Every structure is written in C-alpha cells, then in structure tokens.
Amino acid sequence: MRPFIRSVQGGRSGPPSYSIVTNLRLTELVDANSLRKHQIAELGLLREDEKNKINRNYETEIENLKIKIDQDELVHKKKLKEIEQRYEADLERLQKQSEERVKKLNNSISELEDDLEKSRIEIRKLKDTIDREKNDSFVRIEEEKNS
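Okay, here's the thing in structure tokens:
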C-alpha cells in the first residue's frame, strides 16, 4: 500500500501534501463514481428508449401485416367474385344452349311425327287404291268370264 493511504487508514495525519493528494484522489473517485452513475443512468435510459423503439417497430410491423392481410383478403374476395361471375355466366350460357337444343329436338320430333302421320295416311290411301283396283280387276275378270 502507498504511504498516504496508510496514514489515512491509520488515522494519523501525515504531511500536508499527503492529505491534499488524498483529498484530490477522493474527489476524483467521487467524481468518477458520479460520472459512472450518470453514465449507467444514461445507458438505462438508452436501453429503455431502444426497448420502446423495438416495441413500436414490432407494433408497426404487426399493423402493416394486418393491413396486408386485409388487402390480400380483399383481392382474394374480388378474384373469387370474378370467378363466380364467370361460372354463373358460363352456366347460364350452357343452360340457354341446352334449352335451344331441346327446342330444336322437340321441333325435329314434331316434324318427324307429322311426316310419319302423313306417310301413314299416304300408305292408307295407297292401300285403299290398291284394294279398289284389285277389286275392280276381280270384278272385270268375273265379268269377262261371265260374258
């Protein structure tokens, strides 16, 4: 240990220069301690500020993500609605095409039924004509035999 520290610790007073040096060193130590305490307090404030900044950034990022999610949901809903509208338009178009085909088929069936009925009538007429001619032929043959 240094002699001036011994003299302070021993309670004896040493030469005046030791007490001045001791006082100066004590003052320096007190000042250094005060400076360290002040620096520690500043570091604590800086730490708290940094912590608050990180929390604000975190909250801002969360809000930005929520906004992006909402925007993505809107885009998704819009695309889904467009797809639904196209689907409905396609479905309506297909229904109209089917109805037109059914109408055409029904018209064709009606025309064919009409043609079939006309053909049946024509066949009956021809059959009747043939039967009459046949009868007429038999009658002539009989008349020729009898005459």
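Residue numbers for the sequence shown follow the working numbering, beginning at 20 and rising by one. For every residue, glycine included, the Cβ atom is placed at its ideal position computed from N, Cα and C. Keep in mind that this is a model prediction, so the values were computed, not measured.
Helix, strand or coil at residue i [DSSP, three-state]
i, result
"S166", "coil"
Rounded C-alpha distance that separates residue i from residue j
i, j, result
"L43", "S36", "10 Å"
"E130", "H95", "52 Å"
"E132", "S138", "10 Å"
"R55", "I81", "38 Å"
"L113", "E103", "15 Å"
"D150", "K144", "10 Å"
"I88", "N74", "21 Å"
"L99", "R105", "10 Å"
"S166", "I128", "56 Å"
"N71", "A60", "16 Å"
"I39", "H57", "26 Å"
"T79", "E69", "15 Å"
"K125", "I86", "First, the amino acid is wrong: residue 125 is Asn here, not Lys. N125 and I86: Cα-Cα distance of roughly 58 Å."
"E101", "E141", "59 Å"
"K115", "N76", "58 Å"
"R120", "E107", "20 Å"
"E163", "S156", "10 Å"
"L110", "K97", "20 Å"
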